[in-house]
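Asker: Going down the list, the protein sequences come from chains A and B. Position one of the first sequence corresponds to residue 1 (our numbering), numbered consecutively onward. Position one of the second sequence corresponds to residue 118 (our numbering), numbered consecutively onward.
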Amino acid sequence: GAGVSQSPSNKVTEKGKDVELRCDPISGHTALYWYRQSLGQGLEFLIYFQGNSAPDKSGLPSDRFSAERTGGSVSTLTIQRTQQEDSAVYLCASSLGLAGGAGETQYFGPGTRLLVL
Amino acid sequence: AQKVTQAQTEISVVEKEDVTLDCVYETRDTTYYLFWYKQPPSGELVFLIRRNSFDEQNEISGRYSWNFQKSTSSFNFTITASQVVDSAVYFCALSEAKRGAQKLVFGQGTRLTINP
Chain A
1 GAGVSQSPSN KVTEKGKDVE LRCDPISGHT ALYWYRQSLG QGLEFLIYFQ
51 GNSAPDKSGL PSDRFSAERT GGSVSTLTIQ RTQQEDSAVY LCASSLGLAG
101 GAGETQYFGP GTRLLVL
Chain B
118 AQKVTQAQTE ISVVEKEDVT LDCVYETRDT TYYLFWYKQP PSGELVFLIR
168 RNSFDEQNEI SGRYSWNFQK STSSFNFTIT ASQVVDSAVY FCALSEAKRG
218 AQKLVFGQGT RLTINP
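#1: Any beta carbon of chain A sitting closer than 9 Å to that of Ser182/B?
#2: Can you confirm whether the region 32-46 of chain A touches the region 64-76 of chain A when touching is taken to mean that 3 or more C-beta pairs between the two stretches lie within less than 8 Å?
#3: Please tell me whether Lys187/B has its Cβ less than 9 Å away from any Cβ of chain A.
#4: Any chance the region 192-207 of chain B sits against the region 150-159 of chain B, with 3 or more Cβ pairs inside 8 Å?
#5: Tell me whether Thr195/B sits in a helix, a strand or coil according to DSSP, three-state version.
#6: Run down chain A in chain order and give the residues with a C-beta less than 8 Å from the C-beta of Glu173/B.
#7: In three-state DSSP terms, what is Val201/B?
#8: Listing by chain order, which chain B residues have their CB less than 9 Å from the CB of Leu77/A?
#9: Could you list which residues in chain B have their beta carbon closer than 9 Å to that of Val89/A, in chain order?
#10: Counting only beta-carbon separations shorter than 9 Å, does Phe65/A have a partner in chain B?
#11: Would you call the CB atoms of Lys220/B and Ser62/A closer than 9 Å?
#12: Is Gly179/B close to chain A, meaning its C-beta is less than 9 Å from at least one C-beta of that chain?
#13: Please report how far the alpha carbon of Thr137/B lies from the alpha carbon of Lys17/A, in whole angstroms.
#14: Fully enclosed by the region 50-83 of chain A, which beta strand (DSSP E) runs are 3 residues long or longer?
#15: Under 6 Å Cβ to Cβ from Tyr143/B, same chain only, skipping five residues before and after it: list those, please.
#16: Please list, in chain order, the chain B residues whose beta carbon lies closer than 7 Å to that of Thr30/A.
#17: In terms of DSSP beta bridges, what is Ser5/A paired with?
#18: Under 7 Å between beta-carbons, which chain A residues line up against Phe192/B? List them in chain order, please.
#19: In three-state terms, what does DSSP make of Leu98/A?
#20: Among residues of its own chain, excluding the 5 on either side of Tyr107/A, which ones have a beta-carbon nearer than 8 Å to its beta-carbon?
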């Protein structure tokens, strides 16, 4: 079956602009995660959605970052007023979501490479 | 707090050599899960293995094997008879097993280069 898909693959933006990154999880997966991979910080957790529960936003680095998940499927990560330090690869993952997703294998998408000039 | 350490930043070996990637973790939980992912040059993270903290049996999958030792908090990964296609960055990760704590905590990764 189809894996996790993300769009766009690459995004170049100017400092101060807003960007939206999209993630389509594996069909049937109710848990969805966003991570960021940057040279200095490695792979960092950003936010987690599980069904209709309130999302775990504990990894979002600032209030310029937000995410939503509509209809329990597609998710959009929005970065407002982008800064150069936001340049990174943004990775989305999904898992089945059984028992709240605890300890489940997360399957990753190809990522969106964001460059802020 | 949870932490994963992959002390080897880069490893370079000649094809057909065996190579072991080290992973040491820290957690206060008695129940947890450990993972290995492969990130080839294409960039996508590919799942390799998942182990829970109660299963210390070593696992072998083809040329890949994993050694889990709770006594030393290690979950090492060995590639036997390495091949050029094994060249990638490998990440070890840790996850708690309780509801509401699903995030993966990753090590810094080990860049493995297999030379022909």
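Heads up, the beta-carbon is just placed ideally off N, CA and C, and yes, glycines get one too. Owing to the predicted nature of the structure, the values given are computational and were not obtained by experimental measurement.
Answerer: In short:
#1: Residue 182/B sits at position 65 when you count from the first residue of the second sequence. No, Ser182/B does not count as interfacial toward chain A.
#2: yes
#3: Counting from one through the second sequence, the residue named residue 187/B turns up at place 70. Cβ-Cβ to chain A under 9 Å: no for Lys187/B.
#4: yes
#5: Residue numbering aside, residue 195/B sits at position 78 when the second sequence is read from its first letter. In the structure shown, Thr195/B sits in a strand (DSSP, three-state: E or B).
#6: To locate residue 173/B, count along the second sequence from 1; it is residue 56. None at all; the shortest Cβ gap to chain A is about 16 Å.
#7: Walking along the second sequence from the start, residue 201/B turns up at place 84. The answer is helix: DSSP assigns Val201/B an H, G or I state.
#8: In the first sequence, counting from the first residue as 1, residue 77/A sits at position 77. Those within 9 Å of Leu77/A in chain B number zero; the least Cβ separation is about 15 Å.
#9: To locate residue 89/A, count along the first sequence from 1; it is residue 89. In chain order: Gly160.
#10: Along the first sequence, read from residue 1 onward, the residue named residue 65/A stands at position 65. Judged by the 9 Å Cβ criterion, Phe65/A is not in contact with chain B.
#11: As a first step, residue 220/B must be located in the second sequence, where it is residue number 103. As a first step, residue 62/A must be located in the first sequence, where it is residue number 62. No, Cβ-Cβ distance for Lys220/B and Ser62/A is not below 9 Å.
#12: Taking the second sequence and counting its residues from 1, the one referred to as residue 179/B is at position 62. Not one chain A Cβ lies under 9 Å of Gly179/B.
#13: For the purposes of this step, residue 137/B is identified with residue 20 of the second sequence, where counting begins at 1. For the purposes of this step, residue 17/A is identified with residue 17 of the first sequence, where counting begins at 1. Computed Cα separation, rounded: 44 Å.
#14: 65-69 and 75-79
#15: Taking the first residue of the second sequence as position 1, residue 143/B is located at position 26. Note on identity: in this sequence residue 143/B is Glu, with Tyr being the wrong assignment. Around Glu143/B: Lys120.
#16: Position 30 of the first sequence, counted from the first residue, corresponds to residue 30/A. Here the premise fails: no neighbours, minimum Cβ distance about 12 Å.
#17: On the first sequence, position 5 is the one that residue 5/A refers to. The partner list for Ser5/A (beta bridge, DSSP) reads Asp24/A.
#18: Position 75 of the second sequence, counting from 1, holds the residue named residue 192/B. Those within 7 Å of Phe192/B in chain A number zero; the least Cβ separation is about 14 Å.
#19: Reading the first sequence from its first residue, position 98 is the one you call residue 98/A. Three-state DSSP puts Leu98/A in a helix.
#20: On the first sequence, residue 107/A is found 107 positions in, with the first residue counted as 1. Once the five neighbours on either side are set aside, the close Cβ partners of Tyr107/A are Gly3, Val4, Ile26, His29, Ala93, Ser94 and Ser95.
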